[in-house]
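Structure, as structure tokens:
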Amino acid sequence: MSNIISGKELSAELRAKMTADIPGLEAKYGRVPHLVVILVGENPASQSYVRSKGKAAVAIGMKSTTILKPEDISEEELLSLIDELNNDDTVDGILVQLPLPKHISEDKVIDKISYEKDVDGFHPRNVASLWLGEDCIVPCTPKGCIEMIKSTGVSIKGKNAVVVGRSNIVGKPVAKLLLDENATVTIAHSRTADLASVCRGADILVAAVGRPEMIKGDMIKPGAIVIDVGINRVTNPDGTSKLVGDVDFASAEPVAGWISPVPGGVGPMTITMLMRNTIECFERRLSK
Ligand code: NDP
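Taken in order, the sequence shown gives residues -11 to 276; the numbers are from the working numbering.
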């Protein structure tokens, strides 16, 4: 039986602390942090993410604005909207919900957001700073993973960490953050030979693959910390659907020392870290 790392509970604690801090920030700077989220089109999953982000911001006492734009907005129009927000001193964080329609370049959009308001931590300047070890805005999901690992009280230093997945938004930054915590890090991917034995060497295993329940219990070192980033919607035999992670919870839970569930694991922590990044962007700019 492993210990459950509840992202939901950890998020509630961290959000309560942020809620308590907001009045002090307002007193110091004359206003509360302001997050602007832009949603292009009507993708239901994106709509639900955007709603959760807005609700979380308001619940902790921040200002939240959601800008809805039609699917056929031109790239130029979106870029000029971002420009306006970059120049608006009352806006602290700008998030453009991905994915964007095919006619809009995500790279151009991310590039356009001022690195000082880049609450997602995707701007090339923030990415470069992360890899150079400079102070920067760290992407929300990887930052949440590290908070979850730290919440176990187990030291990361000197541990073997395996990250399965090498995307720019999860796998690579999580690996860099584990390196910063002095873990010995292996990044596994679709061409990794004998993934099972690589995973079995992990004291800390982070799965960010996007393949439902791919990591089985026999791929996990007994006692390991397992962080499941995956969010996969699968269809039940009766036609209903449910969310599962990249880790097969049923077989992994008896082997792992600590494991995060899906849902209620990394998902809520990602939103919590977005709130933290918005506060960080606010304080950094206003304290200059
Ligand atoms: P990507 O599709 O960008 O990357 C997936 C990675 O997994 C790739 O590096 C790929 O390797 C690797 N991979 C694919 N198949 C295998 C395999 N059979 N064996 C080993 N590695 C494999 O996904 P993301 O990083 O964006 O997301 C990963 C998961 O995390 C998804 O389920 C996503 O929904 C979820 N997610 C959850 C978030 C949250 O808030 N909880 C936030 C962001 C993502 P290669 O590079 O070789 O192709």
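Each residue gets a CB set at the ideal place from its N, CA and C atoms; glycine is no exception.
Is it the case that the Cβ atoms of Lys105 and Ile82 are separated by a distance below 8 Å? yes
Nearest-angstrom Cα separation, counted from Ala0 out to Pro256: 9 Å
Would you list the residues whose beta-carbon is nearer than 5 Å to any heavy atom of the ligand NDP, in the order they occur in the chain? Thr129, Gly153, Arg154, Ser155, Val158, His177, Ser178, Ala196, Val197, Gly198, Val217, Gly218, Ile219, Val254, Gly255 and Thr258
Between the segment 219 to 234 and the segment 194 to 202, do at least 3 Cβ pairs fall closer than 8 Å? yes
Ignore the nearest five residues each way along the sequence and tell me which others in Val84's own chain have a CB closer than 6 Å to its CB. A distance below 6 Å between beta-carbons, with the five flanking residues on each side excluded, links Val84 to the following residues of its chain, in chain order: Ile26 and Val97.
Based on DSSP bridge pairs, tell me the residues matched to Arg221. Per DSSP, the beta-bridge partners of Arg221 are Leu231.
At which residues does the beta strand (DSSP E) containing Ile10 begin and terminate? Element bounds for Ile10: not the beta strand (DSSP E) but the alpha helix (DSSP H), Gly(-5) to Tyr17.
Leu167 to Lys230 span [Cα, whole Å]: Rounded to the nearest whole angstrom, the C-alpha separation of Leu167 and Lys230 is 34 Å.
Distance check for Met263 and Pro11, CA to CA, integer angstroms please. Distance between the alpha carbons of Pro11 and Met263: 15 Å.
Cutoff 6 Å; reference Ile175; Cβ partners in own chain excluding five residues on either side: Around Ile175: Val151, Arg154 and Ala163.
To which residues does DSSP link Lys51 through a beta bridge? His22
Does Asp236 pass the burial test, meaning 16 or more other C-beta atoms within 10 Å, or should it be called exposed? buried
Taking its Cβ as the centre, do 16 or more other Cβ atoms sit within 10 Å of Gly146, making it buried, or is it exposed? Taking a 10 Å sphere around the C-beta of Gly146, we find fewer than 16 other C-beta atoms and assign the residue as exposed.
Go ahead and label Pro225 buried or exposed: buried means 16 or more other beta carbons lie within 10 angstroms of its beta carbon, across all protein chains shown. Exposed.
Measure the alpha-carbon distance for Glu241 versus Gly233 and round it to whole angstroms. Distance from the CA of Glu241 to the CA of Gly233, rounded to the nearest whole angstrom, comes to 13 Å.
Straight-line CA distance for Trp246 to Asn170? 20 Å
Leu88 - DSSP class collapsed to helix/strand/coil: coil
Runs of beta strand (DSSP E) wholly within the segment 171 to 215 (minimum 3 residues, chain order): Fully contained in the segment 171 to 215 are the following beta strand (DSSP E) runs of length 3 or more, in chain order: 172 to 176 and 192 to 195.
From Lys90 to Ser34, what distance separates their C-alpha atoms? C-alpha of Lys90 to C-alpha of Ser34: approximately 15 Å in a straight line.
Could you tell me the distance, in whole angstroms, from the CA atom of Ile55 to the CA atom of Val24? Rounded to the nearest angstrom, the two C-alpha atoms are 7 Å apart.
Let me check one thing: in DSSP terms, what residues is Asp106 bridge-paired to? Ile82
Tell me Lys57's beta-bridge partners as DSSP assigns them. Val28
Which residues bound the beta strand (DSSP E) around Asn75? In the DSSP annotation of this structure, Asn75 is not part of any beta strand (DSSP E); the continuous alpha helix (DSSP H) holding it starts and ends at Glu63 to Asn75.
Among Thr260, Glu64, Ser52 and Ile101, which one has its Cα closest to the Cα of Asn74? When each option's Cα is compared against that of Asn74, the closest is Ile101.
Around the C-beta of Asp71, are 16 or more other C-beta atoms found within 10 angstroms, so that it is buried, or is it exposed? exposed
Excluding the 5 residues preceding and the 5 following Lys51 in the sequence, name in chain order all residues of the same chain whose CB lies nearer than 6 Å to its CB. Val20 and His22
Considering only the alpha carbon of each residue, which of Ser139, Leu86, Ser(-10) and Pro161 lies closest to Val28? Leu86
Same chain only: Cβ atoms within 6 Å of Gly211, ignoring 5 sequence neighbours per side: Gly245
Taking the beta strand (DSSP E) that Asn148 falls in, what are its first and last residues? Asn148 to Val152
What residue range does the alpha helix (DSSP H) around Pro112 cover? Pro112 -> alpha helix (DSSP H) spans Pro112 to Leu120.
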